[in-house]
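Asks:
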Amino acid sequence: MFSVSETTLSILKEIRRKDKIDCLNLYAIVPYAYEYVRLATQVGGISGLAKKFAKEITVSRNMKTAALGLKGVMRADPAALMKAYLNYEISRIKSATDKHANLQSVMLHEVITDMALALNLDWLFKSYVDFMSKHGITPGFNTGNFSYFVNKFREWGIDLSKIAIAAPFNKVGFQMNPSKEECEKTLESVSKSAIIAISILAAGYLNLSEAAEYVATLPNIGGVAVGISKEKHAHETFRIIKEKLC
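Numbering-wise, the sequence shown is residues 1425 to 1670 according to this note's numbering.
Right, here's the structure in full:
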């Protein structure tokens, strides 16, 4: 699982160069908010960012993205603009990884997901799910409000079995809104969804062994995401995860 940024895309290019990219199932998170905020300060705010975005699309000759973007502007259609952006991000990933990579899911960032939930933007979620499904990619959502997310999707008639959800699950209930108990109860009811546990270390409060032991007791967890920084750290992390969860 990775945020789509120039740094992570360069890492994927290096993995591809070493002929290892086809060994990975990729879960991408978009948008990488920090990158866009940083760029906006460099290129003159939102208008400058839009110009840079348009220039990159033109240079890439991604006509589908250009057409969707033009449709969105001409018709003031936010769904079309969203699809243009998503098509752009998917093309960036595929350009870095080549056609052999398995882009399993593209996940909407927590900031966008939870804001759209709060505003009851069911059209956004439905358009997102429809767009990703048509591209053969599992629609994914990163959320800090797991129970509310599941309840709203059921209310809107969105099939939970067709999506992936990344949400906090940890022994101390850190970031598990509205409560650890409520999130665990909701988790029991989503047996057909692809659930990825994040924040399992509770921002470093828990060690990996006790964190993994807790996750192992949960039903319906399909995977975990843990940050790594060094090769030695990666080997140790993967060893413990395999021991406790596989």
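Glycine is no exception: its CB is placed at the ideal position from the N, C-alpha and C atoms.
Being a predicted model, the structure only gives us computed values, none of them experimental.
(1) Secondary structure at Phe1577, three-state DSSP: helix, strand or coil?
(2) Based on the DSSP secondary-structure assignment, which residues constitute the bridge partners of Tyr1451?
(3) Would Lys1576 and Asp1546 be called neighbours here (beta carbons separated by less than 9 Å)?
(4) Kindly say whether Lys1550, judged by its beta-carbon, lies nearer than 9 Å to any beta-carbon of chain D.
(5) Do the stretch 1526-1540 and the stretch 1552-1568 make contact, defined as three or more Cβ pairs closer than 8 Å?
(6) Bridge partners of Ile1645, per DSSP?
(7) Count the CB pairs spanning the stretch 1615-1626 and the stretch 1591-1606 that are closer than 8 Å, and state whether there are at least three.
(8) Thr1610 to Ala1640, Cα distance in whole Å?
(9) How far does the beta strand (DSSP E) with Pro1563 in it reach, from first residue to last?
(10) For Val1616 versus Ser1585, is the C-beta distance shorter than 9 Å?
(11) Comparing C-alpha positions only, which one of Phe1598, Val1648, Thr1521, Tyr1638 sits nearest to Lys1444?
(12) Give the DSSP-derived three-state secondary structure of Ser1429 in the structure shown.
(13) Apart from the five residues on each side of it in sequence, which residues of its chain come closer than 7 Å, Cβ to Cβ, to Val1535?
(14) Of the choices Ala1542, Gly1628, Ser1557, Arg1441, whose alpha-carbon is the least far from that of Asn1511?
(15) Closer than 8 Å: is that where the CB of Val1639 sits relative to any heavy atom of the ligand FMN?
(16) Among Ser1613, Glu1660, Leu1448, Glu1606, which residue has its Cα nearest to the Cα of Ala1636?
(17) So, with DSSP's three-state summary, where would you put Lys1502?
(18) My output table needs one value for Ala1588: the three-state DSSP class, helix, strand or coil.
(19) Among Ala1540, Gly1568, Val1574, Ala1649, which one has its Cα closest to the Cα of Gly1597?
(20) Leaving out the 5 sequence neighbours to the left and right, which residues in its chain are closer than 6 Å to Leu1436 when beta-carbon positions are compared?
Replies: Result, derived from the coordinates:
(1) Start at 1 with the first residue of the sequence shown, and residue 1577 comes out as number 153. Of the three classes helix, strand and coil, the one that applies to Phe1577 here is helix, per DSSP.
(2) Mapped onto the sequence shown, residue 1451 falls at position 27. Its beta-bridge partners are Ser1529.
(3) On the sequence shown, residue 1576 is found 152 positions in, with the first residue counted as 1. On the sequence shown, residue 1546 is found 122 positions in, with the first residue counted as 1. Result yes, Cβ atoms of Lys1576 and Asp1546 sit closer than 9 Å.
(4) Considering every chain present, this structure includes no chain D. It has just one protein chain.
(5) yes
(6) Working through the sequence shown from its first residue, we reach residue 1645 at position 221. Ile1619, per the DSSP bridge assignment.
(7) Using a C-beta cut-off of 8 Å, the stretch 1615-1626 makes contact with the stretch 1591-1606, since at least three inter-stretch Cβ pairs fall below that distance.
(8) Position 186 of the sequence shown, counting from 1, holds the residue named residue 1610. Position 216 of the sequence shown, counting from 1, holds the residue named residue 1640. The straight-line gap from Cα to Cα measures roughly 17 Å.
(9) For the purposes of this step, residue 1563 is taken as residue 139 along the sequence shown, with counting starting at 1. Element bounds for Pro1563: 1562-1566.
(10) Position 192 of the sequence shown holds residue 1616. Position 161 of the sequence shown holds residue 1585. Just to set this straight, residue 1616 is Lys in the shown sequence, not Val. Cβ distance < 9 Å, so Lys1616 and Ser1585 count as in contact.
(11) Counted from its first residue, the sequence shown places residue 1444 at position 20. The residue with the shortest Cα to Cα distance from Lys1444 is Thr1521.
(12) Position 5 of the sequence shown, counted from the first residue, corresponds to residue 1429. Here Ser1429 sits in coil by DSSP.
(13) By one-based count along the sequence shown, residue 1535 stands at place 111. Setting aside the 5 residues that flank it on each side, Val1535 is surrounded in the same chain by Ala1457, each with a C-beta closer than 7 Å to its C-beta; the list follows chain order.
(14) Your numbering for residue 1511 matches position 87 in the sequence shown. It is Ser1557.
(15) Ligands displayed in this structure: none; no statement on the ligand FMN is therefore possible.
(16) Counted from its first residue, the sequence shown places residue 1636 at position 212. When only C-alpha atoms are compared, the closest one is Glu1660.
(17) Taking the first residue of the sequence shown as position 1, residue 1502 is located at position 78. According to the sequence displayed, residue 1502 carries Pro and not Lys. Of the three classes helix, strand and coil, the one that applies to Pro1502 here is helix, per DSSP.
(18) If you number the sequence shown from 1, residue 1588 lands on position 164. Note: Ala1588 maps to strand in three-state DSSP.
(19) On the sequence shown, position 173 is the one that residue 1597 refers to. Considering only alpha carbons, the answer is Gly1568.
(20) The count along the sequence shown starts at 1 and reaches residue 1436 at position 12. These residues qualify, in order along the chain: Ala1520, Thr1521.
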